[in-house]
Amino acid sequence: MTKARLEFFRKRLLKAREDILNKAKKLKEDSYTLGTDGIQDMADAASNSYNADILMSISDNDLNILKDIDNALDKIVNKTYGICEECEEKINEKRLEANPIARYCITCKRMMEGKGT
Ligand SMILES: [Zn+2]
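In the numbering used here, the protein residues as written are 1 to 117.
Encoded structure:
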């Protein structure tokens, strides 16, 4: 992959990382606001705990994405970005554009998904 293309993907990964961190920060601020709301009736308390559950599941999911983003950024540094972790063939760049954190080429990905069913 050319330097320009690597830079393109690096910027996209950094942007995605920033978006998640900003979202997490905003969620934290929102939950803080919910918790310091003063007087609450039962319905409010119930909806607050429901929201907290959603917030937690979102952050778990985002944490996994963050890990994948950091993994991809590491691979850019190590010059292995865009190489399938399974068969070590190049991953199609169109696939990377759709999903910059893709770790496997489409062939390996399909095989793995096939095993699962
Ligand atoms: Zn592969």
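Just so you know, even glycine gets a beta-carbon here, dropped at the ideal spot from N, CA and C. Computed from a prediction, not measured in an experiment: that's the story for all the values here.
- Task: Compute every distance between the C-beta of tyrosine 104 and the non-hydrogen atoms of ligand 1, then say whether any falls below 7 Å.
- Result: yes
- Task: Verify the contact flag: threonine 125, CB atom, against every heavy atom of ligand 1, threshold strictly below 7 Å.
- Result: The shown model of the chain, from 1 to 117, leaves out residue 125, and the question about it has no answer.
- In terms of alpha-carbon separation, which member of Lys25, Asp19, Leu27 and Pro100 lies closest to arginine 10? Pro100
- C-alpha gap between glutamate 89 and methionine 111, whole angstroms: 15 Å
- Quick one: Cα of lysine 127 to Cα of aspartate 68, how far? Residue 127 lies beyond the range of the chain shown here (1 to 117); nothing can be said about it.
- Between Phe8, Leu66 and Asp30, which lies nearest to leucine 21 when the distance is taken from Cα to Cα? Leu66
- Going by beta carbon distance, what residues of the same chain come within less than 6 Å of tyrosine 81, once the five residues before and after it are set aside? Lys75
- Task: Using only the heavy atoms of ligand 1, determine whether one of them is closer than 7 Å to the beta carbon of glutamate 89.
- Result: yes
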